[in-house]
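**Q** In this note's numbering, the protein residues as written are 965 to 1101.
1) Go ahead and pull the three-state DSSP assignment for residue 1073.
2) I want to know whether the stretch 1041-1051 touches the stretch 1082-1095 - three or more CB-CB distances under 8 Å.
3) Have a look at residue 1055 and residue 1014 and give me their C-alpha separation to the nearest angstrom.
4) Quick check on this structure: which residue in 1019, 985, 1098, 1040 has the alpha carbon closest to the alpha carbon of residue 1076?
5) If I follow the unbroken alpha helix (DSSP H) through residue 1063, where does it start and stop?
6) In the DSSP assignment, find the unbroken beta strand (DSSP E) run with residue 1140 in it and report its ends.
7) When the Cα atoms are used, what is the spatial distance from residue 1102 to residue 1082?
8) Suppose contacts are defined by Cβ-Cβ distances below 8 Å. Is residue 1024 in contact with residue 1039 by that definition?
9) For residue 1007, which three-state DSSP category applies?
10) Pick from 975, 1062, 1095: whose alpha carbon is nearest that of residue 1078?
11) Helix, strand or coil for residue 1025, going by three-state DSSP, please let me know.
12) How would you label residue 1084, buried or exposed, when you count the other beta carbons within 10 angstroms and need 16 or more for buried?
13) Please name the residue in 1021, 1061, 1049 whose C-alpha comes closest to that of residue 1035.
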């Protein structure tokens, strides 16, 4: 197993910048080096549903750590993954697990949702609407 303290980490502002840039490029029809479409990073929140309902990064999907081992195979291999929790500790564990199990483009969002909200990045509150926060599938 990979030591969670040694996993790749990304700053919250950089995480959102990458997600926004990929979304804008996709809307404009841009492709990297003339190849296929730019894959937008998937922001995966590993907290529990009640925590997700309190506050979450806008656009995040929910895969609680309590069900992670049973469901991690649902995560895509063909796009970058950004894992987030409240502070970065739980998402660090999940990032280490994915890296040890065949995923390569995975980063832990430093500081978690606390840092995300402190940075003034977009958040949502309240129980998600049906379909909101679901893994793509």
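Glycine included, each C-beta is placed from N, C-alpha and C at the ideal position.
**A** The short version:
1) Within the chain shown, the letter at position 109 stands for residue 1073. Three-state result, residue 1073: strand.
2) The stretch 1041-1051 makes no contact with the stretch 1082-1095, as fewer than three CB pairs between them are under 8 Å.
3) The sequence position of residue 1055 within the chain shown is 91, counting from 1. The sequence position of residue 1014 within the chain shown is 50, counting from 1. Roughly 16 Å between the two C-alpha positions.
4) Taking the first residue of the chain shown as 1, we reach residue 1076 at position 112. For the set 1019, 985, 1098, 1040, the Cα lying nearest the Cα of residue 1076 is the one of 1019.
5) Your numbering for residue 1063 matches position 99 in the chain shown. According to the DSSP assignment, residue 1063 belongs to the alpha helix (DSSP H) that extends over 1053-1064.
6) Nothing can be reported for residue 1140, as the shown portion of the chain is limited to 965 through 1101.
7) The structure shown has nothing for residue 1102, since the chain only spans 965 to 1101.
8) Translated into the one-based positions of the chain shown, residue 1024 becomes position 60. Translated into the one-based positions of the chain shown, residue 1039 becomes position 75. In this structure, residue 1039 does not lie closer than 8 Å to residue 1024 by Cβ.
9) Taking the chain shown and counting its residues from 1, the one referred to as residue 1007 is at position 43. Residue 1007 carries a strand assignment under DSSP once its states are collapsed to helix, strand and coil.
10) Locating residue 1078 in the chain shown gives position 114, where the first residue counts as 1. The shortest C-alpha separation from residue 1078 is found at 975.
11) Position 61 of the chain shown, counted from the start, is the residue given in the question as residue 1025. Strand, per DSSP.
12) Here residue 1084 refers to the residue found at position 120 of the chain shown. In summary, residue 1084 is exposed, with fewer than 16 beta-carbon neighbours lying within 10 Å of its beta-carbon over all protein chains present.
13) Taking the chain shown and counting its residues from 1, the one referred to as residue 1035 is at position 71. Nearest option by C-alpha distance: 1061.
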